[in-house]
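In my numbering, the protein residues as written are 1 to 251.
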Amino acid sequence: MRFKGKALFATGAGSGIAAATARRFSADGGRVAVVDLDEDRAAGVAAELSGSIALGCDVSDEHAVEQALAQASDQLGRIDCVLNAAGHAAFASLEQFELADWNRMLAVHLTGTFVVCKAALPHLRAVGGGSIVNVSSSVALIGRSNLGAYSAAKGAVLAFSRQLAVDVAADNVRVNAIAPGAVRTGLTEPRWVERGGGDYSKGAAAAVSDTIQKRVAEPSELAAPICFLFSDDASFMTGSLLVADGGQTAI
Numbered sequence: 001m002r003f004k005g006k007a008l009f010a011t012g013a014g015s016g017i018a019a020a021t022a023r024r025f026s027a028d029g030g031r032v033a034v035v036d037l038d039e040d041r042a043a044g045v046a047a048e049l050s051g052s053i054a055l056g057c058d059v060s061d062e063h064a065v066e067q068a069l070a071q072a073s074d075q076l077g078r079i080d081c082v083l084n085a086a087g088h089a090a091f092a093s094l095e096q097f098e099l100a101d102w103n104r105m106l107a108v109h110l111t112g113t114f115v116v117c118k119a120a121l122p123h124l125r126a127v128g129g130g131s132i133v134n135v136s137s138s139v140a141l142i143g144r145s146n147l148g149a150y151s152a153a154k155g156a157v158l159a160f161s162r163q164l165a166v167d168v169a170a171d172n173v174r175v176n177a178i179a180p181g182a183v184r185t186g187l188t189e190p191r192w193v194e195r196g197g198g199d200y201s202k203g204a205a206a207a208v209s210d211t212i213q214k215r216v217a218e219p220s221e222l223a224a225p226i227c228f229l230f231s232d233d234a235s236f237m238t239g240s241l242l243v244a245d246g247g248q249t250a251i
């Protein structure tokens, strides 16, 4: 029950890694503001979790984020931890990628992370500090074809997280990033089905053929290290990157 009495504000938590993290945080005694662009999907996750709430929010909209955090703080009584996991994926060569698509990628992943962190800080200070985990990616560290905008956004999230850790250290707020490798989510499954010519297993196997473990992770396998970063067990970690990629970046 390491999160008993604590509350998590998790974006993108209607599915995937953030939903798994919300479940893990709740199982360890905490309450969660399940935040997602799709409020119905968020409500489905929150309904599973004792004392938790669902909020619809576009993280690239500063006013909407401020309102969501105020509502979460009001209903949960406090905000101790923040997970920035909202995102989307678009895959195309540089020549095929439109400027509007590039801007949207940065708006959701990078600007959204900035906006949530900025709006969350007063709430974290109010409880004497807390922990922020921002979701980067293994492609912030290595190159992959047709991922220019996504890798740029995730690389920027990593750099921003390190800088923010310095800026908020005096507030007793820890900021870390996690870099997942291949994880089975609603974003990745369609891509791997396409890559496998309609066969998910074939496409997923191809995606992880150059990793040590040669397998795709389940979202719960990312929830565990994220909740470690939230916990007091990681009290000496800030400005760090935790890589959970099945050995992808080791080869």
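Ideal Cβ placement from N, Cα and C applies to all residues, glycine included. These numbers were taken from a predicted model, which means no experiment stands behind them.
Same chain only: Cβ atoms within 7 angstroms of residue i, ignoring 5 sequence neighbours per side
{"i": "D28", "result": "M1, R2, F3, C227"}
{"i": "M105", "result": "A90, A149, Y150, A153"}
{"i": "R195", "result": "G203, A206, A207"}
For residue i, the nearest candidate out of the options (CA to CA)
{"i": "K154", "options": "V168, E39, R174, P180", "result": "P180"}
{"i": "V135", "options": "H123, R162, E98", "result": "R162"}
Reduced DSSP secondary structure (H/G/I, E/B, other) of residue i
{"i": "T113", "result": "helix"}
{"i": "V270", "result": "Any answer about residue 270 is impossible in this case: the structure gives the chain only from 1 up to 251."}
{"i": "L164", "result": "helix"}
{"i": "T185", "result": "coil"}
{"i": "V65", "result": "helix"}
{"i": "I132", "result": "strand"}
{"i": "D40", "result": "helix"}
Sub-7 angstroms separation of residue i and residue j beta-carbons
{"i": "L253", "j": "A10", "result": "The displayed coordinates of the chain run from 1 to 251. Any statement about residue 253 would go beyond what the structure contains."}
{"i": "V65", "j": "L49", "result": "no"}
{"i": "A7", "j": "L76", "result": "yes"}
{"i": "A207", "j": "W192", "result": "yes"}
{"i": "H63", "j": "G87", "result": "no"}
{"i": "S138", "j": "Q248", "result": "yes"}
{"i": "R78", "j": "V127", "result": "yes"}
{"i": "L69", "j": "A107", "result": "no"}
{"i": "V116", "j": "V59", "result": "yes"}
{"i": "I53", "j": "A47", "result": "no"}
Supposed close pair residue i, residue j - CB separation, criterion 8 angstroms
{"i": "N314", "j": "M237", "result": "Coverage of the chain is limited to positions 1 through 251, which leaves residue 314 absent and any answer about it impossible."}
{"i": "I251", "j": "T211", "result": "7 angstroms"}
{"i": "S15", "j": "T188", "result": "About 11 angstroms; that fails the 8 angstroms criterion."}
{"i": "G130", "j": "D74", "result": "About 17 angstroms; that fails the 8 angstroms criterion."}
{"i": "V157", "j": "T113", "result": "5 angstroms"}
{"i": "L229", "j": "V133", "result": "5 angstroms"}
Sequence-distant residues of its chain with Cβ nearer than 6 angstroms to residue i (five each side left out)
{"i": "S220", "result": "A20"}
{"i": "D101", "result": "A90"}
Own chain, CB closer than 8 angstroms to residue i, minus 5 neighbours either side, in chain order
{"i": "A244", "result": "I178, A179, P180, G181, A217, E221, L222, P225"}
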